[in-house]
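K.L.:
Just so you know, the protein sequences line up as chains R and Y, in that order. Each residue of the first sequence is one higher than the one before, counting from 0 in numbering that gives the first Met the number 0. Each residue of the second sequence is one higher than the one before, counting from 0 in numbering that gives the first Met the number 0.
Protein chains: 2
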Amino acid sequence: MKNIVLLLSAAAALSAQAKIVTRTVSYADRGVRLVGYLAYDDGATAQARRPGVLIAPEWWGLNDYVKGRAEQIARLGYVAFALDMYGGGMVTTDAKKATALSTPFYGSPLMAERARAGLDQLLATGLVDARRVAAIGYCFGGSAVQALAYSGAPLAGIVSFHGGLIPVPAGAAARTKAKILICQGALDPFVKPAERDAFQQAMNKGGFDYQFIVYSGAVHAFTNPGADALAKANGLGGAIAYNAEADRRSWAHMRLFFEEIFGPGAP
Amino acid sequence: MKNIVLLLSAAAALSAQAKIVTRTVSYADRGVRLVGYLAYDDGATAQARRPGVLIAPEWWGLNDYVKGRAEQIARLGYVAFALDMYGGGMVTTDAKKATALSTPFYGSPLMAERARAGLDQLLATGLVDARRVAAIGYCFGGSAVQALAYSGAPLAGIVSFHGGLIPVPAGAAARTKAKILICQGALDPFVKPAERDAFQQAMNKGGFDYQFIVYSGAVHAFTNPGADALAKANGLGGAIAYNAEADRRSWAHMRLFFEEIFGPGAP
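#1: Output, in sequence order along the chain, the residues in the region 199-214 of chain Y whose CB is closer than 9 Å to any CB in chain R.
#2: Would you kindly report the start and end of the unbroken beta strand (DSSP E) that includes R/Gly-156?
#3: Can you list the residues of chain R that Y/Arg-248 reaches, using a CB-CB cut of under 8 Å?
#4: Can a CB atom of chain R be found closer than 8 Å to the CB of Y/Leu-255?
#5: Are the beta-carbon atoms of Y/Pro-56 and Y/Ala-79 separated by less than 8 Å?
#6: Which of the residues in the region 154-172 of chain R, read from start to end, lie with their CB under 8 Å from any CB of chain Y?
#7: State buried or exposed for Y/Ser-249, treating a residue as buried only when at least 16 other CB atoms are found within 10 Å of its CB.
#8: Please list the segments of the alpha helix (DSSP H) lying wholly inside the region 0-86 of chain Y, counting only runs of 4 or more residues, in order along the chain.
#9: Please list the terminal residues of the continuous alpha helix (DSSP H) segment that includes Y/Phe-211.
#10: For R/Gly-140, which three-state DSSP category applies?
#11: Sort out for me which residues DSSP pairs R/Gly-184 with in a bridge.
#12: Look at R/Thr-44 and R/Leu-126 and say whether their C-beta atoms are less than 8 Å apart.
#13: For a quick check, are the C-beta atoms of Y/Ser-107 and Y/Phe-139 less than 8 Å apart?
#14: So, under 8 Å CB-CB, Y/Leu-154 and Y/Arg-115 are touching, yes? Tell me the CB distance rounded to an integer number of Å.
#15: Just checking: is the beta-carbon of Y/Asp-196 within a distance shorter than 8 Å of some beta-carbon in chain R?
#16: Would you mind reading off the limits of the alpha helix (DSSP H) that contains Y/Ser-101?
#17: So Y/Ser-249 is in the alpha helix (DSSP H); what residue range does that whole segment cover?
#18: Going by DSSP in three states, Y/Lys-176 sits in which element: helix, strand or coil?
#19: Out of Y/Ala-94, Y/Pro-166, Y/Ala-111, which one is the CA nearest neighbour of Y/Val-190?
#20: Tell me, which residues are paired with Y/Ile-239 by DSSP?
#21: Within 8 Å of any Cβ in chain R, is that where the Cβ of Y/Leu-109 sits?
#22: CB-CB under 7 Å to R/Gly-86, same chain, minus the five flanking residues each way: which ones, in chain order?
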């Protein structure tokens, strides 16, 4: 018993030493000034280069929700970088504005390019083991990390949470390096079963490595605790809502996926 | 360091004490003599009643593959009972015979009843915490545990591995206590996308708690390392095959699901 107490004390001391460092990072893509958010545990990064996780925000932009996800990822021992798609770190709570901001990216090379600019920032921190990098994204950001994977970016894996499903572009199967985890709400009104089937069929045809998980009871935006307020403010009730169970499950599935792509015992 | 060594020695000693106990169990259902297979870690069961896991075999019957699964589950600290659906512990490697043996169960109350007889045996061991019991099944057995859940059996959860999807019976939504995890091969020729969609739609309508996971590259029987030989012997090449990646992933998803339904830190 004495031994256990000594060990626990040592662990507590280590844990007290480590702290989560966060900072905003200014960068640019094709003349657009971008503002991302970096988070890491300096106790972990002091030991060795760590796996990196790029995070692509919902169509609301790089808001406090996504910054909180970056800090959560950092607490797992990974270096997290939440990227900016819109420029200037712009955020909105207005669905009309979010639609206007996000729509130009769909079907355009800009979606992968803008995400890639974020990935380059993550790699440029010097804190990351470049062979062990993943990208995760929420909603519009889920689409963005799919596009980033299809572009052939050096990613071990991507996770899309309630993301719109991006049709597999020609040539993507040969380029894509990332394993793919798709986490989808069973009742998501923006991603119908027929669309899921078509996506999986294209993935099968291209020989992609993927796992596709459907969570009962969940609509769009199920990971965001602020979704209900955003739904109310924008007349989107029933279409977007938080679902604590699906949030918890998909987070656990993401962690398991990270263990798979980053190696056992990571971090 | 000395403390760590002492602790590790203690853990090793505990682990050496515990051993996996296995035995066949004779029981009966409506006049049919059945022979099941029980496996548990007597180090774990000596401490307290443990969560129980009922295991329903593939259409090949209670063969060495399924017995091996029972032992794997026992090594996780759970009490495992592999049930007999056919009687006399009958096994076959002939797909025609397997079809003849399994077909009468589909669409009949006998499927849930015969599985329930196995569940009763598991509970009767006195080793199991009756509030923490799951049922898992492979192929035909995946269908059987679905039917068992629909019957209202006292299960915390079920896991179906490459199981045929059983249409939700009338009244099942109100009766079902189990959370549901479905693990399916993306290329399973016996469970087409349209069938998966119809199943999920029925689950949604009934308000079931489910997670439905599709694994790329996997056909039917993807968890069974003997599937390739069975395919060859039965002219089922391309339809059933082992897939190590999907096997590993679905096993990890099952373990995560057990943590969810049996409580944190289980066993």
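Ideal Cβ positions, reconstructed from N, Cα and C, are used throughout, including at glycine.
P.N.:
Quick look at the numbers:
#1: Residues passing the 9 Å Cβ filter: Gln-199, Gln-200, Met-202, Asn-203, Gly-206, Phe-207, Asp-208, Tyr-209, Gln-210, Phe-211, Ile-212, Val-213, Tyr-214.
#2: Within the first sequence, numbered from 1, the residue matching residue 156 of chain R stands at position 157. That run of the beta strand (DSSP E) goes 156-160.
#3: Along the second sequence, one-based indexing puts residue 248 of chain Y at 249. Within 8 Å Cβ-Cβ: Gln-210, Glu-259.
#4: Position 256 of the second sequence, counted from the first residue, corresponds to residue 255 of chain Y. In terms of beta-carbon proximity, Y/Leu-255 lines the interface with chain R, with at least one pair separated by less than 8 Å.
#5: What you label residue 56 of chain Y is simply residue 57 of the second sequence in a count that begins at 1. What you label residue 79 of chain Y is simply residue 80 of the second sequence in a count that begins at 1. Contact flag unset, no.
#6: From the region 154-172 of chain R, no residue has a Cβ closer than 8 Å to chain Y.
#7: Stepping through the second sequence from its first residue, residue 249 of chain Y is reached at position 250. Buried, because 16 or more other Cβ atoms sit within 10 Å of the Cβ of Y/Ser-249.
#8: With a minimum length of 4 residues, the continuous alpha helix (DSSP H) runs that stay inside the region 0-86 of chain Y are 1-16, 41-46, 63-74.
#9: If you number the second sequence from 1, residue 211 of chain Y lands on position 212. For Y/Phe-211, there is no enclosing alpha helix (DSSP H); the enclosing beta strand (DSSP E) covers residues 209-214.
#10: For the purposes of this step, residue 140 of chain R is taken as the residue at position 141 of the first sequence. DSSP, reduced to helix, strand and coil, places R/Gly-140 within a helical segment of the structure shown.
#11: On the first sequence, position 185 is the one that residue 184 of chain R refers to. Per DSSP, R/Tyr-214.
#12: Position 45 of the first sequence, counted from the first residue, corresponds to residue 44 of chain R. Position 127 of the first sequence, counted from the first residue, corresponds to residue 126 of chain R. Their beta carbons are under 8 Å apart, which means R/Thr-44 touches R/Leu-126 by this criterion.
#13: Here residue 107 of chain Y refers to the residue found at position 108 when the second sequence is read from its first residue. Here residue 139 of chain Y refers to the residue found at position 140 when the second sequence is read from its first residue. When the beta-carbon positions are compared, Y/Ser-107 and Y/Phe-139 stay at least 8 Å from each other.
#14: To locate residue 154 of chain Y, count along the second sequence from 1; it is residue 155. To locate residue 115 of chain Y, count along the second sequence from 1; it is residue 116. Not quite, the Cβ-Cβ distance comes to about 10 Å (not below 8 Å), so this is no contact.
#15: Locating residue 196 of chain Y in the second sequence gives position 197, counting from the first residue. Chain R contact via Cβ: present.
#16: One-based indexing of the second sequence puts residue 101 of chain Y at position 102. Judged by DSSP secondary structure, Y/Ser-101 falls within the alpha helix (DSSP H) whose first and last residues are 94-101.
#17: As a first step, residue 249 of chain Y is located in the second sequence; it is residue number 250 there, counting from the start. Annotation: the continuous alpha helix (DSSP H) that includes Y/Ser-249 extends over 243-261.
#18: Indexing the second sequence from 1 puts residue 176 of chain Y at position 177. If DSSP states are grouped into helix, strand and coil, Y/Lys-176 belongs with coil.
#19: Within the second sequence, residue 190 of chain Y is the residue found at index 191, counting from 1. It is Y/Pro-166 whose Cα lies nearest to the Cα of Y/Val-190.
#20: Locating residue 239 of chain Y in the second sequence gives position 240, where the first residue counts as 1. Partner(s): Y/His-219.
#21: As a first step, residue 109 of chain Y must be located in the second sequence, where it is residue number 110. Answer no: the Cβ-Cβ gap between Y/Leu-109 and chain R never drops below 8 Å.
#22: On the first sequence, residue 86 of chain R is found 87 positions in, with the first residue counted as 1. Only Val-31, Arg-32, Leu-33 meet the Cβ criterion.
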